[in-house]
Amino acid sequence: MDDISSQPWTWEEQTWRSKVEHVRAGRSMKPAKWKNGARCAVALSFDSDHETNELRDGGKSIGRMSQGQYGNRQGVPRILNALAKHDAKATFFVPAVAALLYEDEQRRVVAEGHEIGIHGWIHELNSQLPYEIERDLMFRATDALERITGVRPVGLRTPSWDFSPTTLRIERELGLLYDSSLMADDDPYELLEHGEPTGIVELPVEWIRDDAVYFNMHRFNGLRPHTPPTAVYDIFFREFERAYEEGGLFLLTMHPHVTGYRSRIWILEKLLEEITQRSDVWIATHAEIAAFVKAECP
37 MDDISSQPWT WEEQTWRSKV EHVRAGRSMK PAKWKNGARC AVALSFDSDH ETNELRDGGK
97 SIGRMSQGQY GNRQGVPRIL NALAKHDAKA TFFVPAVAAL LYEDEQRRVV AEGHEIGIHG
157 WIHELNSQLP YEIERDLMFR ATDALERITG VRPVGLRTPS WDFSPTTLRI ERELGLLYDS
217 SLMADDDPYE LLEHGEPTGI VELPVEWIRD DAVYFNMHRF NGLRPHTPPT AVYDIFFREF
277 ERAYEEGGLF LLTMHPHVTG YRSRIWILEK LLEEITQRSD VWIATHAEIA AFVKAECP
């Protein structure tokens, strides 16, 4: 054990308060009504990690990289077809390396009216990086996505939702509109840094509303969840229903290499069928939702 004097229970109040207050949820940015008087907003997001989940760990498993390639070959096309059927717009968060591997995929996503957001360079873990390297990778990733798609991204989802002590500083330097990596609320809020408002909108995520925790499997780590698709749909739909009742935001995170399979794409298709039956629901990209709430709550 480290020297007992360095343990958290020995910290002065200023120390633990400063850690808590470094990045904090500020004012709520939940509007009284959503665009065109809608009762509820729906933000569907897809983290197109593809091979970068394995590459960031050293790229030793050909099998895991083939699973990532499935996301491009089958997952993204199935997702885009489901979205098109219901005229629903979504946001795809793409590591720059994945975007460079599949440039045509990104161009198709943008051509069909969807948004592409920043998702790191190679799905790196930000909390393991010094500020200079994290900043360089994030700026390089942003530039790469702009070059490929012709649109400069305005939002970030950190890889694995791993938010370092300097991530918010880098987001401010990039001039981003929003972040979608943190979990302090169900509805949009403004990020504070050391108690000061930043103007950056947080569109909060949660593991409950993420497909990976129910389905991910790893041969060597004993990870074998494989929850039935019906159970995952039930959880997601209950989250949507309560967001609808409360007039809030329903934000869902899915992965093409996870949900893109034949037995699982049904979850997205069924959700879209149910959600689009309600005329007072606004389905929009993260950028559209962030811009709207920022205008409504200046």
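Using the numbering used here, the first residue of the sequence shown is number 37, and each one after it goes up by one.
Here a beta-carbon is modelled for each residue, glycine too, at the ideal position from N, C-alpha and C.
Beta-carbon separation of residue i and residue j under 8 Å?
{"i": "Asn162", "j": "Phe199", "result": "yes"}
{"i": "Ile154", "j": "Met174", "result": "yes"}
{"i": "His322", "j": "Ala79", "result": "yes"}
{"i": "Ala327", "j": "Val294", "result": "no"}
{"i": "Ser81", "j": "Val112", "result": "no"}
{"i": "Leu304", "j": "Met290", "result": "yes"}
{"i": "Lys66", "j": "Gly235", "result": "no"}
{"i": "Pro224", "j": "Leu239", "result": "yes"}
{"i": "Leu204", "j": "Glu242", "result": "no"}
{"i": "Asp340", "j": "Gly191", "result": "Any question about residue 340 goes unanswered here, given that the chain covers just 37 to 334."}
{"i": "Gly94", "j": "Pro131", "result": "no"}
{"i": "Trp302", "j": "Ala74", "result": "no"}
{"i": "Glu160", "j": "Arg92", "result": "yes"}
{"i": "His86", "j": "Asn108", "result": "yes"}
On the CB-based measure, 16 or more other CB atoms within 10 Å of its CB, does residue i come out buried or exposed?
{"i": "Gln142", "result": "buried"}
{"i": "Ala77", "result": "buried"}
{"i": "Pro89", "result": "Looking at the sequence itself, residue 89 is Asn, so the reference to Pro does not match. Buried is the call here."}
{"i": "Glu151", "result": "buried"}
{"i": "Ala68", "result": "exposed"}
{"i": "Ile184", "result": "buried"}
{"i": "Arg193", "result": "buried"}
{"i": "Thr51", "result": "exposed"}
{"i": "Ile206", "result": "buried"}
{"i": "Glu139", "result": "exposed"}
{"i": "Ile115", "result": "buried"}
Of the choices the options, whose alpha-carbon is the least far from that of residue i?
{"i": "Arg188", "options": "Phe328, Ala177 and Asp140", "result": "Ala177"}
{"i": "Leu181", "options": "Leu259, Met253, Ala134 and Asp172", "result": "Ala134"}
{"i": "Lys330", "options": "Asp39, Trp70, Arg60 and Ser42", "result": "Trp70"}
{"i": "Leu218", "options": "Ser102, Thr127 and Arg60", "result": "Arg60"}
{"i": "Lys121", "options": "Ile311, Pro166, Cys333 and Glu49", "result": "Ile311"}
{"i": "Arg314", "options": "Pro292, Tyr297, Glu277 and Gly296", "result": "Glu277"}
{"i": "Arg245", "options": "Arg114, Glu281, Phe286 and Ile206", "result": "Phe286"}
{"i": "Tyr297", "options": "Asn257, Ala279, Gln103 and Leu288", "result": "Gln103"}
{"i": "Leu288", "options": "His262, Ser97 and Arg274", "result": "Arg274"}
{"i": "Ser196", "options": "Gly186, Gln164 and Arg208", "result": "Gln164"}
What residues in its chain sit with their C-beta under 8 Å from that of residue i, if we drop five residues either side in the sequence?
{"i": "Ala267", "result": "Tyr250"}
{"i": "Ala220", "result": "Arg60, Ala61, Glu238 and Pro240"}
Return the bridge partner residues of residue i from the DSSP annotation.
{"i": "Met101", "result": "None, per the DSSP bridge assignment."}
{"i": "Ile244", "result": "None, per the DSSP bridge assignment."}
{"i": "Glu226", "result": "Val237"}
{"i": "Thr289", "result": "Ser81 and Asp246"}
{"i": "Ser200", "result": "Its beta-bridge partners do not exist; DSSP assigns none."}
For residue i, which residues of its own chain have a beta-carbon under 6 Å away from its beta-carbon, when the five flanking residues on both sides are left out?
{"i": "Arg300", "result": "Pro265"}
{"i": "Ile325", "result": "Ala77 and Ala79"}
Leaving out five residues before and five after residue i in sequence, what residues of the same chain have Cβ atoms less than 7 Å from its Cβ?
{"i": "Leu259", "result": "Asn252 and Met253"}
{"i": "Pro201", "result": "His58"}
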